[in-house]
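Student: Just dropping this structure here.
2 protein chains.
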Amino acid sequence: MLDEALLSINQVTTLERWSLRQAIDGYARHGVRAIGVWRDKLDEIGAAAAAKLLRDAGMTVSAYCPGGLLTAPGEAAFRARLDDGRRMIDEAATIGARCAVMISGGLKDGSKDLAGARARCLEGLAELIPDARAAGVTLAIEPLHPMLCAARSVLTTLGMANDWCERLDGGAALGVVIDVYNIWWDPNLVAEIARAGPRIAAFQVCDWLAKTTDLRLDRGMPGDGVIDIRAIRKLVEDAGYTGHREIEIFSARDWWRRDPDDVVRTIKARYQTAV
Amino acid sequence: MLDEALLSINQVTTLERWSLRQAIDGYARHGVRAIGVWRDKLDEIGAAAAAKLLRDAGMTVSAYCPGGLLTAPGEAAFRARLDDGRRMIDEAATIGARCAVMISGGLKDGSKDLAGARARCLEGLAELIPDARAAGVTLAIEPLHPMLCAARSVLTTLGMANDWCERLDGGAALGVVIDVYNIWWDPNLVAEIARAGPRIAAFQVCDWLAKTTDLRLDRGMPGDGVIDIRAIRKLVEDAGYTGHREIEIFSARDWWRRDPDDVVRTIKARYQTAV
């Protein structure tokens with residue numbers, strides 16, 4: 001049996017149906033005591049009110065998502081993203097999030113300059129790290145699946161995330177998110193998870209459906225796909241990670257359409273059988 | 276100006292409209308003198324008849340596609356795929372193809388055993404290499420984009436293809452295909468293309484559309500997407516490759532619907548401006 005205290009649900013999984021308050025109540029109703037908080041849901045009530053709700057429910061925030069998108073072209077857009085990053089750091093500190101998840105951003109306006117976009121993102125992270133450190137927040141950079149390189153994330157592999165962490169030398173203010181969906185295909189997976197070691201700030205879980213129909217919104221419930229989730233979880237925990245296992249499912253055609261209470265019940269069952 | 280003699284078109288680009296005979300005639304009509312041949316189109320007339328058509332038209336076969344799919348579970352299915360591989364080698368020899376493109380295969384029947392599927396594919400390639408060598412054919416293994424890991428290709432990176440080539444030690448009977456669509460996102464791209472060096476048996480080109488809608492059939496015409504194709508071509512040629520630049524576009528919603536003569540005209544123009 002996995003420890004239920006380490007089960008978290010990222011609220012994107014019930015995003016369409018439940019507000020932050022409803023998600024906190026709903027997860028707690030089923031005995032789930034940790035949540036990944038989504039920024040636009042928090043914006044509806046503000047960080048201070050959210051912090052009170054979370055505290056009153058005894059809910060741990062395993063991750064606060066998403067920030068970053070630092071590949072914006074032009075100085076004004078880049079500065080605006082840094083301002084957003086600083087707001088996010090404040091919010092993450094207010095709600096006591098274990099980490100603030102940073103997505104690098106994709107290629108903007110048809111640009112082909114992948115190396116330039118990567119350099120820009122590194123530059124942005126370097127600017128944000130002192131603020132994160134001052135606030136006691138960990139910025140967790142998340143490599144997304146390479147199919148999202150153009151649209152969302154020029155950071156495409158865990159190896160690259162590890163390289164960035166080494167270059168940025170952010171200490172406790174910088175970590176990585178490992179989401180099985182993004183990295184399961186990687187031939188360097190075993191070595192790079194071990195290398196990530198104490199940098200692993202969050203571990204996210206869903207499944208890759210054999211008949212995937214969409215590049216972003218067709219993720220599967222753990223156990224419904226082809227990822228050997230348990231094997232990857234063991235690698236992550238062998239690397240020293242002792243935090244939550246956060247279920248995060250983007251599923252426009254299936255799970256987002258279901259009764260959220262049923263979704264949470266299914267997650268609780270699959271946590272034991274497939275994670 | 277790029278040398279037009281090195282422009283090839285993979286017939287999958289006009290697959291829905293043109294038979295092999297029509298493609299040979301159509302490409303030749305526009306002065307294109309090389310073709311990537313698709314197996315089910317060749318099957319319609321047989322290898323000997325195809326060889327005569329190609330010879331009469333003075334058409335070079337830059338690649339013969341696709342074979343492999345060696346991750347089949349169970350001994351009988353695996354043996355059947357090896358038999359298919361041997362037929363493909365014979366056909367490739369008959370039509371004088373520069374290489375026979377081998378796709379590794381995906382995860383079958385919901386299997387989660389990625390390492391096992393990779394080992395199985397390696398085993399199959401090791402069995403086929405002596406036949407390829409005897410026939411004077413190069414088996415060109417092609418890493419596909421990681422988004423196809425479950426469906427088509429457990430071989431997900433050029434680095435892994437290079438590792439396999441080193442382990443299999445196939446000499447001239449074994450090479451790699453570099454298709455910009457599959458590898459453009461890879462942070463190790465520069466090093467792995469250089470490492471591939473004389474192993475590069477084919478170079479395929481299309482573009483990644485910023486708003487991609489499908490995991491397999493929504494590739495773009497060179498110049499319509501975000502890949503810095505010219506930069507990758509230079510890396511490939513700096514690594515010693517002197518062969519064709521083969522345009523290969525899977526495009527169910529766009530290019531497959533157009534008049535094939537217009538498609539070929541567009542390719543010829545984009546070959547100079549975007550490749």
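Taken in sequence, the protein lines are chains A and B.
First residue of the first sequence: 1, per this note's numbering; consecutive thereafter.
First residue of the second sequence: 276, per this note's numbering; consecutive thereafter.
Just so you know, even glycine gets a beta-carbon here, dropped at the ideal spot from N, CA and C.
Should residue 59 of chain A be flagged as near chain B, meaning a C-beta pair shorter than 9 Å?
Tutor: Stepping through the first sequence from its first residue, residue 59 of chain A is reached at position 59. Chain B contact via Cβ: absent.
Student: So is residue 460 of chain B in contact with chain A if we call contact Cβ pairs under 9 Å?
Tutor: In the second sequence, residue 460 of chain B corresponds to position 185, counting from 1. At least one chain A Cβ lies under 9 Å of residue 460 of chain B.
Student: Compute the distance between the beta-carbons of residue 553 of chain B and residue 404 of chain B, then report whether it is under 9 Å.
Tutor: Lying outside 276 to 550, the shown extent of chain B, residue 553 of chain B is not represented and no answer is given.
Student: At the 9 Å Cβ level, is residue 188 of chain A part of the contact set with chain B, yes or no?
Tutor: Residue 188 of chain A sits at position 188 when you count from the first residue of the first sequence. Chain B, which has a Cβ nearer than 9 Å to the Cβ of residue 188 of chain A, makes this yes.
Student: Output, in sequence order along the chain, the residues in the segment 219 to 234 of chain A whose CB is closer than 7 Å to any CB in chain B.
Tutor: Under the 7 Å Cβ criterion, the segment 219 to 234 of chain A contributes 226, 227, 228.
Student: Under 9 Å, Cβ to Cβ, is there at least one residue of chain B near residue 110 of chain A?
Tutor: What you label residue 110 of chain A is simply residue 110 of the first sequence in a count that begins at 1. Judged by the 9 Å Cβ criterion, residue 110 of chain A is in contact with chain B.
Student: What's the gap between the Cα of residue 52 of chain A and the Cα of residue 38 of chain A?
Tutor: Counted from its first residue, the first sequence places residue 52 of chain A at position 52. Counted from its first residue, the first sequence places residue 38 of chain A at position 38. Taking the straight line joining both Cα atoms gives about 16 Å.
Student: Report yes or no: is there a C-beta of chain B within less than 9 Å of the C-beta of residue 244 of chain A?
Tutor: Within the first sequence, numbered from 1, the residue matching residue 244 of chain A stands at position 244. For residue 244 of chain A, the answer is no, since every Cβ of chain B falls outside 9 Å of its Cβ.
Student: Is any beta-carbon of chain E found at less than 9 Å from that of residue 434 of chain B?
Tutor: The structure shown contains no chain E; its protein chains are A and B.
Student: Going by beta carbon distance, what residues of the same chain come within less than 6 Å of residue 352 of chain A, once the five residues before and after it are set aside?
Tutor: Only positions 1 to 275 of chain A appear in the structure, and residue 352 of chain A is not among them; the question remains open.
Student: Less than 9 Å between the C-beta atoms of residue 335 of chain B and residue 301 of chain B, yes or no?
Tutor: By one-based count along the second sequence, residue 335 of chain B stands at place 60. By one-based count along the second sequence, residue 301 of chain B stands at place 26. No, the Cβ-Cβ distance between residue 335 of chain B and residue 301 of chain B is not below 9 Å.
Student: Helix or strand or just coil, what does DSSP make of residue 494 of chain B?
Tutor: If you number the second sequence from 1, residue 494 of chain B lands on position 219. Note: residue 494 of chain B maps to coil in three-state DSSP.
Student: By how many angstroms is the C-alpha of residue 295 of chain B removed from the C-alpha of residue 324 of chain B?
Tutor: Residue 324 of chain B sits at position 49 when you count from the first residue of the second sequence. Residue 295 of chain B sits at position 20 when you count from the first residue of the second sequence. Approximately 11 Å between the Cα atoms of the pair.
Student: Step through the CB atoms of chain A and report whether any lies within less than 9 Å of the CB of residue 473 of chain B.
Tutor: By one-based count along the second sequence, residue 473 of chain B stands at place 198. With 9 Å as the cut-off, residue 473 of chain B does not count as an interface residue toward chain A.
Student: List the whole-angstrom C-beta distance separating residue 219 of chain A from residue 247 of chain A, where the pair is believed to meet the contact cut-off of C-beta under 8 Å.
Tutor: Numbered from 1 along the first sequence, position 219 holds the residue referred to as residue 219 of chain A. Numbered from 1 along the first sequence, position 247 holds the residue referred to as residue 247 of chain A. Contact flag wrong, Cβ pair sits at about 10 Å.
Student: Verify the CB distance criterion: does residue 256 of chain A have a CB-CB separation below 9 Å to chain B?
Tutor: Stepping through the first sequence from its first residue, residue 256 of chain A is reached at position 256. Taking Cβ atoms only, chain B never reaches closer than 9 Å to residue 256 of chain A, which makes this a no.
Student: With 16 as the cutoff for other CB atoms within 10 Å, does residue 211 of chain A come out buried or exposed?
Tutor: In the first sequence, the residue the question calls residue 211 of chain A occupies position 211. Classification for residue 211 of chain A: exposed.
Student: Return the CA-CA distance between residue 62 of chain A and residue 99 of chain A, expressed in angstroms with no decimal places.
Tutor: For the purposes of this step, residue 62 of chain A is taken as residue 62 along the first sequence, with counting starting at 1. For the purposes of this step, residue 99 of chain A is taken as residue 99 along the first sequence, with counting starting at 1. So the alpha carbons of these two residues sit roughly 7 Å apart.
Student: Comparing C-alpha positions only, which one of B:381, B:425, B:526, B:475 sits nearest to residue 342 of chain B?
Tutor: Translated into the one-based positions of the second sequence, residue 342 of chain B becomes position 67. Among B:381, B:425, B:526, B:475, the Cα nearest to that of residue 342 of chain B is on B:381.
Student: In chain order, what residues of the same chain lie with their CB nearer than 7 Å to the CB of residue 274 of chain A, ignoring the 5 residues before and after it?
Tutor: In the first sequence, residue 274 of chain A corresponds to position 274, counting from 1. Excluding positions up to five away in sequence, the list reads 222, 223, 229.
Student: Are the C-beta of residue 305 of chain B and some C-beta of chain A separated by less than 9 Å?
Tutor: Residue 305 of chain B sits at position 30 when you count from the first residue of the second sequence. Not closer than 9 Å to any Cβ of chain A, the Cβ of residue 305 of chain B fails to qualify, so no.
Student: What residues from chain B crowd round residue 71 of chain A, counting only those whose CB sits closer than 9 Å?
Tutor: Along the first sequence, read from residue 1 onward, the residue named residue 71 of chain A stands at position 71. None at all; the shortest Cβ gap to chain B is about 12 Å.
Student: Between residue 311 of chain B and residue 364 of chain B, what straight-line distance do the alpha-carbon atoms span, to the nearest angstrom?
Tutor: Within the second sequence, numbered from 1, the residue matching residue 311 of chain B stands at position 36. Within the second sequence, numbered from 1, the residue matching residue 364 of chain B stands at position 89. The alpha-carbon atoms of residue 311 of chain B and residue 364 of chain B are separated by roughly 15 Å.
Student: Could you tell me whether the Cβ atoms of residue 268 of chain A and residue 32 of chain A are closer together than 9 Å?
Tutor: Translated into positions along the first sequence, residue 268 of chain A becomes position 268. Translated into positions along the first sequence, residue 32 of chain A becomes position 32. The answer is yes: Cβ separation under 9 Å.
Student: Determine, for residue 440 of chain B, whether the minimum Cβ-Cβ distance to residues of chain A falls below 9 Å.
Tutor: Along the second sequence, read from residue 1 onward, the residue named residue 440 of chain B stands at position 165. So no, residue 440 of chain B is outside the interface.
Student: How close, in whole Å, do the beta carbons of residue 114 of chain A and residue 154 of chain A come, if the pair is a contact with beta carbons under 8 Å?
Tutor: Along the first sequence, read from residue 1 onward, the residue named residue 114 of chain A stands at position 114. Along the first sequence, read from residue 1 onward, the residue named residue 154 of chain A stands at position 154. The Cβ separation is near 6 Å, so the contact holds.
Student: Which word fits residue 71 of chain A, buried or exposed, when buried means at least 16 other C-beta atoms lie within 10 angstroms of its C-beta?
Tutor: The sequence position of residue 71 of chain A within the first sequence is 71, counting from 1. With 16 or more Cβ atoms within 10 Å of its Cβ, residue 71 of chain A is classed as buried.
Student: Are the CB atoms of residue 299 of chain B and residue 344 of chain B within a distance shorter than 9 Å?
Tutor: As a position in the second sequence, residue 344 of chain B is number 69, starting the count at 1. As a position in the second sequence, residue 299 of chain B is number 24, starting the count at 1. Taking 9 Å as the Cβ cut-off, residue 344 of chain B and residue 299 of chain B do not qualify as a contacting pair.
Student: Return the residue from the list B:440, B:444, B:513, B:477 that minimises the CA-CA distance to residue 469 of chain B.
Tutor: Position 194 of the second sequence, counting from 1, holds the residue named residue 469 of chain B. The option with the nearest alpha carbon to residue 469 of chain B is B:513.
Student: Considering only C-alpha positions, which residue in the set A:135, A:58, A:233, A:201 is nearest to residue 180 of chain A?
Tutor: Locating residue 180 of chain A in the first sequence gives position 180, counting from the first residue. Closest option to residue 180 of chain A, Cα to Cα, is A:233.
Student: Residue 520 of chain B and residue 282 of chain B: beta carbons closer than 9 Å?
Tutor: Here residue 520 of chain B is taken as the residue at index 245 of the second sequence, counted from 1. Here residue 282 of chain B is taken as the residue at index 7 of the second sequence, counted from 1. Yes, these two residues count as a Cβ contact at 9 Å.
Student: Between the Cα of residue 475 of chain B and the Cα atoms of B:436, B:460, B:482, B:461, which residue gives the shortest distance?
Tutor: Counted from its first residue, the second sequence places residue 475 of chain B at position 200. The option with the nearest alpha carbon to residue 475 of chain B is B:436.
Student: Just checking my contact of residue 361 of chain B with residue 406 of chain B at CB under 8 Å: how many whole Å lie between their CB atoms?
Tutor: Locating residue 361 of chain B in the second sequence gives position 86, where the first residue counts as 1. Locating residue 406 of chain B in the second sequence gives position 131, where the first residue counts as 1. That belief holds up - the Cβ atoms of residue 361 of chain B and residue 406 of chain B are roughly 5 Å apart, short of 8 Å.
Student: At what residues does the alpha helix (DSSP H) containing residue 233 of chain A begin and finish?
Tutor: Looking up residue 233 of chain A in the first sequence gives position 233. Residue 233 of chain A -> alpha helix (DSSP H) spans 229 to 238.
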